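At position 116 of the sequence shown (counting the first as 1) the number is 259 in this note's numbering, and the numbers step up by one without a gap. Positions of the beta carbon are idealized from the N, C-alpha and C atoms, including for glycine. Since this is a predicted model, take the numbers as computed values, not measurements. Note sheet for the following structure.
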Amino acid sequence: MAASGFTFPIVRQTGTLSPGMSSYQRLLKHLLFRMDPERAHNLAMRAITSGLVRTRLVSDPRLRVTWQGLEFSNPLGLAAGVDKNGEAVERWRGMGFGFAEIGTVTALAQPGNPRPRLFRYPQHEAIVNRMGFNNDGAEAMARHLQGRRAGIPLGINLGKSKVTELEAAPADYAISYGHLRGFADYVVVNVSSPNTPGLRSLQNVESLQAVVEAILGTPGPHPPLLIKLSPDMASEDLYAVVEWVNSFPVAGLICTNTTLDKSAVPEAKDEQGGLSGRPLLARSNGVLRDVSERLQPEKLLIGVGGIMDAQGLWAKLELGANLAQVYSGWVFGGPGMPAKTLLGLLDRMSHEGLNSVSEITSRSARATRSRIL
Ligand SMILES: Cc1cc2nc3c(=O)[nH]c(=O)nc-3n(C[C@H](O)[C@H](O)[C@H](O)COP(=O)(O)O)c2cc1C
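Laid out in structure tokens, this is it:
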């Protein structure tokens, strides 16, 4: 199994499992957090894939989100990087997520960067990773997805193979897309990982247009195409990309990937890689706000970065995200995190007299600019 950064308390199903942690879960979490982070991730992934991990599910019509015919039972999705090869694709619904994004997958299988490449900072609820798109390749993912159903909307996140020159990136993305688009409810062009040399330089309109044209130039029906952005872009570059998305057949944006700014975690300052988790929230929300104020309301906006609880999820939605995703918050919060977060969201919605997630999104500058939502 390919690996990425994740540790996770393993629990067996108990019908009445509270979204908080039992002492059993706490013990397991303690043990997993003492292990090497990548080994712990692989162990947790094996347990999830084999169906050993279950958690409480929160089902409530007020949590439903619909976007262009896609039905999400709740707005909290699994972020890219947890399930790089789509090995646990049938499990994410049972882990409480409203949708799941698998990958990043590349046209060519690749081992990623040398280990160690994953670092946890529990006192900051932060992670630094420089995994480098370790994955088995797009063809292997397609073989694996054959005949498997996620039961929730499935996103597939595509990256550039490390050995492919930047000029050849459009064709490289198009190869992966050709193998995988038939399995995806949406596809993501990831140009924002800090761990593939030069990748972020594709975050300009000209390069993005070349990649998107190569993808949309392939024959056949196209699932919605999203672009995942970094939180470290200069404002003028960010605005140019949003303007371009508004006028091009790109369905929306995912904000954000990890940041290179590790100043909030002094222990991590000499570690190469991208920072995620609680210290990313403010920066990521800043980008989300900037994008939200400029992105057409009919485009899909997914907020990710630093969600640790209901408050974090609420903030993304209130800034104009239609949906949100989590990685680090789930690592630190454990399998009960989605349920606990969604129950917290429902509480706040009741408190504020709101009956749907889209009513939260509708409070944003994005929606008030135009009342299409
Ligand atoms: C160990 C690790 C691996 C990741 N791998 C990917 C990846 O392959 N592709 C991607 O688009 N994002 C990847 N991410 C970024 C997450 O999807 C997410 O954008 C980021 O971690 C911020 O969310 P969080 O604060 O909830 O973790 C990874 C994050 C972590 C921690």
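V332 and I370 have their alpha carbons spaced roughly 5 Å apart. Contact annotation: the segment 205 to 212 does not touch the segment 244 to 264, with fewer than three C-beta pairs closer than 8 Å.
Boundaries for N498: no beta strand (DSSP E) harbours it, and the DSSP string shows neither H nor E there. Looking at the DSSP output, T209 sits in a beta bridge with E214. Judged by the Cβ position, T247 qualifies as a neighbour of ligand 1 at the 7 Å threshold, a heavy atom of the ligand being closer than this. Residue burial annotation: T361 is exposed, with fewer than 16 other C-beta atoms found within 10 angstroms of its C-beta.
By the Cβ rule, the segment 491 to 501 does not count as touching the segment 427 to 446, because fewer than three pairs are nearer than 8 Å. When DSSP assignments are scanned along the segment 449 to 510, the uninterrupted stretches of alpha helix (DSSP H) that are 4 or more residues long and fall wholly within it turn out to be 453 to 461, 471 to 476, 480 to 494 and 500 to 504. Residue state for V388 is assigned as helix, using DSSP reduced to three classes.
According to DSSP, V331 shares a beta bridge with N300 and L369. A residue is called buried once 16 or more other Cβ atoms fall within 10 Å of its Cβ, and Q168 is buried on that count. T484 has its Cβ no nearer than 7 Å to any heavy atom of ligand 1. Between L288 and F326 a beta carbon distance of about 4 Å is seen, short of the 8 Å cut, so the two are scored as contacting. Comparing alpha-carbon positions, the option among V271, F215, N185 and L206 lying closest to E414 turns out to be V271.
Look at I370: its beta carbon is at least 7 Å from all of the heavy atoms in ligand 1. Between R197 and G237 the beta-carbon gap is near 6 Å, inside 8 Å, which marks them as a contact.
Beta-carbon to beta-carbon, L462 and S507 are separated by about 6 Å, close enough to satisfy the 8 Å threshold. In the same chain as E410, and ignoring 5 residues on each side of it, the C-beta atoms closer than 7 Å to its own belong to Y264, in chain order. Shortest Cα-Cα distance from T504 to any of G477, A464, W473 and V474 involves A464. At the C-beta level, L219 and T484 come within 8 Å of one another. Following the DSSP letters along the chain, one finds T192 in no beta strand (DSSP E) but inside the alpha helix (DSSP H) bounded by residues P180 to T192.
Using a cutoff of 7 Å, the CB of I270 counts as near ligand 1, since one of the ligand's heavy atoms is closer than that. Ranking S193, A252, L195 and L443 by CA distance to the CA of V330 puts L443 first. Scanning its chain for C-beta atoms nearer than 6 Å, with the 5 sequence neighbours on each side dropped, one finds around A407 the residues P422, in chain order. In this chain, L423 is not harboured by any beta strand (DSSP E), its DSSP state being neither H nor E.
For E244, the uninterrupted beta strand (DSSP E) run begins and ends at F242 to V248, by DSSP. In this structure, the alpha-carbon of G449 lies about 29 Å from that of F391.
With fewer than 16 other CB atoms across the displayed protein chains lying within 10 angstroms of its CB, Q266 is exposed. Ranked by Cα distance from F242, the first of S335, G429, A223 and E310 is A223.
Within 7 Å of the C-beta of G449 there is at least one heavy atom belonging to ligand 1.
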